[in-house]
Each structure stands twice: as C-alpha cells, then as structure tokens.
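Numbering-wise, this note's numbering comes out as the position in the sequence shown, counting from 1, plus 2.
Quick reminder that beta carbons are idealized off the backbone N, C-alpha and C, glycines included.
The structure under discussion appears below in the form of structure tokens.
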Amino acid sequence: MKFRSTLARAFPEKRLFLRTDGETRLIRLTPFVQIAGISGAALLLCWTIVSSAMVVMHGFGSGTLYEQALRDQAVYESRLNGLAIERNDRAREAADAHERLAAALDEISTIQSRLLRSEDRRRELETGVDVIASTLRKSMEERDD
3 MKFRSTLARA FPEKRLFLRT DGETRLIRLT PFVQIAGISG AALLLCWTIV
53 SSAMVVMHGF GSGTLYEQAL RDQAVYESRL NGLAIERNDR AREAADAHER
103 LAAALDEIST IQSRLLRSED RRRELETGVD VIASTLRKSM EERDD
C-alpha cells in the first residue's frame, strides 16, 4: 500500500483526452503504465546507444571491407599452408612406415629362405643317416651270418 502511494505521488494518474471527428476518447495513464512506457523508452535508448557504439567500434577496428578480405585471405592461406605441411608430414611418415615394412618383409623372406635350406639340409642328413644306418645293419648282419 505504501509502495502504491509513493508510486502515485511520483507518477500521478493522468487522463488523456483525444478528439477525432467529433468523438472524444478518454485514456487513463496509470502509474504502472507510465513506468512501463518510461522503462521501454529507456531500454530502447540504451539499446540504440550500445548498438551504435558497436557499429562505430567495428568501423574503426576492421577498416575497409577490402582490408578485412585481405586479412581473411591471409588467415585462410596460413591455415591452408599449415594443413599442407601436416599432410606432407603424414605422407612422409607413411612412406617411412612403408619402407620399414618392406625391410621387415625382406628380413622375413631371408629368414624363411635360411629356414627352408636348413630344413632341406636336415632332411638330406636324416636320409644320409638312415642310409648309413641301414648299410651298417646290413654289414653287421652279413658279418654275423
């Protein structure tokens, strides 16, 4: 209640008469409507000031559109060069990995070849031992007979 009375003293109710073509209309402006209107106008004024300041600051900061386009192009080219360097590094790493794989496969091939030769030699020696053993058995049987 005290708030309303203070509000009514600061913003007394106003009556606005509007005449048009023989008609008179009465509009009552209560303290709440007056405060809402003043607040809306103040908010609109603040928004206008802030947006104007932003436009002015942007105008000072960015220069002309041509300069902005040049800066954007420089940033784009810098990023593109960075990506190209990164791509080349990855290609070099892939080539190095391919070379290491080829070297490992060559070594595996060499080891397999030695293993196969060793296996062949073992079979030949085994066959030789079997032949010698059978010859020795025959000789021992002939001697014993």
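Residue 25 lies in the beta strand (DSSP E); which residues open and close that run? 25 to 31
Separation of residue 108 from residue 129, as counted between CA atoms: 31 Å
Alpha carbon to alpha carbon, how far is residue 91 from residue 111? Give it in angstroms, no decimals. 30 Å
C-alpha distance - residue 100 paired with residue 77, whole-angstrom precision: 34 Å
Out of curiosity, what's the CA-to-CA distance linking residue 54 and residue 72? 26 Å
Among all the DSSP beta bridges, which residues are the ones paired with residue 13? The partner list for residue 13 (beta bridge, DSSP) is empty, contrary to what the question assumes.
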